[in-house]
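A.B. asks:
Chains as they are written, first to last, in the numbering used here: chain A, 30 to 352; chain B, 262 to 490.
#1: Below 7 Å between beta carbons is the criterion; list the residues of the region 434–446 of chain B that meet it against any residue of chain A, in chain order.
#2: Is the region 86–101 of chain A close to the region 113–121 of chain A, with three or more CB pairs under 8 Å?
#3: Roughly how many angstroms separate the alpha carbons of residue 397 of chain B and residue 91 of chain A, rounded to a whole number?
#4: Return no unless some Cβ of chain B is closer than 8 Å to the Cβ of residue 124 of chain A.
#5: Starting from residue 411 of chain B, find everything on chain A with Cβ-Cβ shorter than 7 Å and list it in chain order.
#6: Give the DSSP-derived three-state secondary structure of residue 333 of chain A in the structure shown.
#7: Could you tell me whether the Cβ atoms of residue 302 of chain A and residue 277 of chain A are closer together than 8 Å?
#8: Under 8 Å between C-beta atoms, does residue 43 of chain A make it to chain B?
#9: Taking Cβ positions only, does residue 35 of chain A come closer than 8 Å to chain B?
#10: If you compare alpha carbons, which of A:36, A:70, A:66, A:83 is closest to residue 181 of chain A?
#11: Is the beta carbon of residue 285 of chain A closer than 8 Å to that of residue 263 of chain A?
#12: So with Cβ pairs under 8 Å, would you call residue 393 of chain B a contact of chain A?
#13: Would you mind sorting residue 109 of chain A into buried or exposed? The rule is 16 or more other CB atoms within 10 Å of its CB.
#14: DSSP puts residue 398 of chain B in a beta bridge; with which residues?
#15: Tell me the start and end of each unbroken alpha helix (DSSP H) in the region 206–280 of chain A that is at least 4 residues and wholly inside, in chain order.
#16: Check whether the Cβ of residue 61 of chain A lies closer than 8 Å to any Cβ atom in chain B.
#17: Considering only their Cβ atoms, is the gap separating residue 361 of chain B from residue 370 of chain B smaller than 8 Å?
#18: Only counting the same chain, and skipping five residues up and downstream in sequence, which positions put a Cβ closer than 6 Å to that of residue 235 of chain A?
#19: Tell me the start and end of each unbroken alpha helix (DSSP H) in the region 296–351 of chain B that is at least 4 residues and wholly inside, in chain order.
#20: Could you pull the start and end residues of the beta strand (DSSP E) that residue 293 of chain A belongs to?
#21: Work out the CA separation of residue 95 of chain A and residue 183 of chain A for me, nearest whole Å.
#22: Span of the alpha helix (DSSP H) holding residue 410 of chain B?
#23: Contact criterion: CB-CB distance below 8 Å. Does residue 266 of chain B meet it with respect to chain A?
#24: Between which two residues does the beta strand (DSSP E) holding residue 317 of chain A run?
#25: Let me know if residue 197 of chain A comes out buried or exposed under the rule of 16 or more other beta-carbons within 10 Å of its beta-carbon.
#26: DSSP state of residue 127 of chain A, grouped into three classes?
#27: Give me the Cα-Cα distance between residue 246 of chain A and residue 259 of chain A, rounded to the nearest whole angstrom.
#28: Indicate whether at least one CB of chain B lies closer than 8 Å to the CB of residue 38 of chain A.
#29: For the structure I just gave you, are there three or more beta carbon pairs, one from the region 62–72 of chain A and one from the region 166–176 of chain A, closer than 8 Å?
#30: Taking Cβ-Cβ distances shorter than 7 Å, what residues in chain B pair up with residue 47 of chain A?
#31: Looking at the strands, I want to know which residues DSSP matches up with residue 355 of chain B.
#32: Quick one: grab the DSSP three-state call for residue 293 of chain B.
#33: Using C-beta distances below 6 Å, list every residue in its chain close to residue 295 of chain A, excluding the 5 sequence neighbours before and after it, in chain order.
#34: How many angstroms separate the CA atom of residue 213 of chain A from the CA atom of residue 401 of chain B?
#35: If you draw a straight line from the C-alpha of residue 433 of chain B to the C-alpha of residue 155 of chain A, how long is it?
#36: Three or more C-beta pairs under 8 Å: does that hold for the region 475–490 of chain B against the region 319–333 of chain B?
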């Protein structure tokens, strides 16, 4: 060791020692730092990725759950704390502090501990700004880790697991189809929308069917205005003329609305003369005649077709009563 | 009575020579300590402490840059940042065994100081805009988009690795002087005194008065506080 005294070492020997120390340092770090250790093992082919089966509990229940709650921070794009949870190989590998899941050992599985922390705790996962896991989701994770955090164990082996939520897929709106379906009446609708503000609208962004909300115009909406709707009558499926000034003179116009399913005529000056027009609406499911002069007897044909009638209480009780 | 050393008097031939002022020595060891604290706190997720440590580093580095213009002779950039030819000549001289002595940083060490200061400044500055994506954001992260903050965070991590490499090179160089050249650079960085034999005979070190350092430090700390609040 005499050569290690100050000024006694040759430059060549010194740098040889430095090179050796550097290699030893890197080797030590590879053993101490989990990510380095995994990278070296993987490079040397000493680490086999876990097997994952499509029918496994992991694929069907755990992977979607991690995708929804964790992958924005621990996924392909971002790896906070060097942790990825979008693939079982990465989950098993863990993050910069080592493994986050210990198969069969819930107490030492940091991931499980973190998702169970109270919302007030700084260490809770997902963090406070994001939606926490539900009780059922925590149960699913608990069962999976307790059973060995396997990638092949089938879902059938987890009979006590809460049922998977039903996911409803909302189809994208086909803008071309919508344009095509509306083409026959789109100009007429636009013109009427300018004239009768807030009265006519499409049932939805994807629909070509129309709704009429004439109530908003009150008594300024009468037979003349209703007559304007004849042009688009075939496309109206829902109409509310309650509290407007329409009379039996609009019967003809209403008759053109052959696809009407819901019609509200409450507090209008209609009478039994309107009933034949209503009877002609074959798709009618509900009609409201509260506050009109329509008589009980005149509504019998609609009742026979099981049309829901909303009339005065007494009338409704009589007509809607089941035998 | 005026301090003869401050007036640039040549000390006796056997006496050690003061070459580093207290500010440089404190800066050096505080940076070492804060780098360790920063690594430990980031690793353990102690982000409040990491923030404090990072802001401390930023303050120190800006102070050191200011001290490089206002400080004592051996602290000044104009004294130790030399051209590439002088750096090459320094290495050639050292290889041939007839390198000359330097009072403060030698030409290679001078550039090491510059590179380390730039790296530390970049590291501390990127930390202001970084985030851990979970609970913590740097004090100025709100000024940029989350995506840009993520990129800055990655850079923050890469810069730390670079600083580790630079620190290793620095340690290797210091130990080279100790084991190969017999020149102990560590003790002077603690005591401020250098062996007379390792200092040029005509060395003149002018030490800046401590109140300048206090004033500079107060100004820098105030600016950093103002920026992050």
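Here a beta-carbon is modelled for each residue, glycine too, at the ideal position from N, C-alpha and C.
C.D. replies: The short version:
#1: Interface annotation for the region 434–446 of chain B against chain A: 437, 439, 440, 441, 442, 443, 445, criterion Cβ-Cβ distance under 7 Å.
#2: Taking 8 Å as the limit for Cβ pairs, the verdict is that the region 113–121 of chain A does touch the region 86–101 of chain A.
#3: Going by C-alpha positions, residue 397 of chain B is about 27 Å away from residue 91 of chain A.
#4: Chain B contact via Cβ: absent.
#5: Scanning chain A for C-beta atoms nearer than 7 Å to the C-beta of residue 411 of chain B yields 107, reported in chain order.
#6: DSSP places residue 333 of chain A in helix when its eight states are reduced to three.
#7: Yes, the pair counts as a contact, with Cβ atoms nearer than the cut-off.
#8: Yes, because at least one Cβ of chain B sits closer than 8 Å to the Cβ of residue 43 of chain A.
#9: Contact of residue 35 of chain A with chain B is assigned, a C-beta pair being separated by under 8 Å.
#10: Residue nearest to residue 181 of chain A within the set A:36, A:70, A:66, A:83 is A:83 (criterion: CA-CA distance).
#11: Contact annotation: residue 263 of chain A and residue 285 of chain A have beta-carbon atoms nearer than 8 Å.
#12: Yes, because at least one Cβ of chain A sits closer than 8 Å to the Cβ of residue 393 of chain B.
#13: Buried: at least 16 other Cβ atoms inside 10 Å.
#14: DSSP lists B:392 as partners of residue 398 of chain B.
#15: Runs found: 215–224, 252–257.
#16: Residue 61 of chain A does not count as touching chain B.
#17: No; because the gap between Cβ atoms is not below 8 Å, this pair is not in contact.
#18: Contacts found: 202, 207.
#19: List check, alpha helix (DSSP H) in window: 308–331, 338–341.
#20: Segment 291–293, the beta strand (DSSP E) holding residue 293 of chain A.
#21: Answer to the nearest angstrom: the Cα atoms are 18 Å apart.
#22: That run of the alpha helix (DSSP H) goes 407–440.
#23: At residue 266 of chain B, the pLDDT of 48 sits below 50, so the modelled position is not reliable and the matter cannot be decided from this model.
#24: In the DSSP assignment, residue 317 of chain A falls within the unbroken beta strand (DSSP E) covering 315–317.
#25: By the neighbour-count rule (16 or more Cβ atoms within 10 Å), residue 197 of chain A is not buried but exposed.
#26: Residue 127 of chain A: strand per DSSP, three-state reduction.
#27: Their backbone Cα atoms lie some 18 Å apart in a straight line.
#28: So yes, residue 38 of chain A belongs to the interface.
#29: Verdict: no, contact absent.
#30: Listed along the chain, the chain B residues whose CB falls inside 7 Å of the CB of residue 47 of chain A are 433.
#31: Per DSSP, residue 355 of chain B has no beta-bridge partner at all.
#32: Assignment of residue 293 of chain B by DSSP, reduced to helix, strand and coil, places it in the helix class.
#33: Excluding positions up to five away in sequence, the list reads 271, 317, 319, 320.
#34: Looking at the two C-alpha atoms, the distance is approximately 57 Å.
#35: Straight-line Cα distance between these residues: approximately 44 Å.
#36: The region 475–490 of chain B is in contact with the region 319–333 of chain B.
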